[in-house]
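Please read the structure below before turning to the comments.
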Amino acid sequence: MMGRLKVMKSYRYGCYFLKKRENEEKHGKNFSDDKLNQINYILYICSH
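The working numbering runs 13 ahead of the 1-based position in the sequence shown.
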């Protein structure tokens with residue numbers, strides 16, 4: 014169980030950084046992290 018949780022966590026962070034980079038490319042480096050966190054949270058909820 015613990016191992017699976019770790020995988021999920023790293024998967025989530027992987028998605029986060031991927032999205033962050035994607036958004037930085039689209040919106041510039043100072044794209045709001047709060048907005049990004051909201052988007053990621055929604056995506057995370059939707060995909061599970």
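Glycine residues also receive a C-beta, built at the ideal position from the N, C-alpha and C atoms.
Q: Measure the beta-carbon distance from residue 32 to residue 53 and round it to whole angstroms, keeping in mind my assumption that it falls under 8 Å.
A: Indeed they touch by this definition, with Cβ atoms about 6 Å apart.
Q: Consult DSSP for residue 60 and reduce its assignment to one of helix, strand or coil.
A: If DSSP states are grouped into helix, strand and coil, residue 60 belongs with coil.
Q) When the Cα atoms are used, what is the spatial distance from residue 57 to residue 25? A) Distance between the alpha carbons of residue 57 and residue 25 is about 8 Å.
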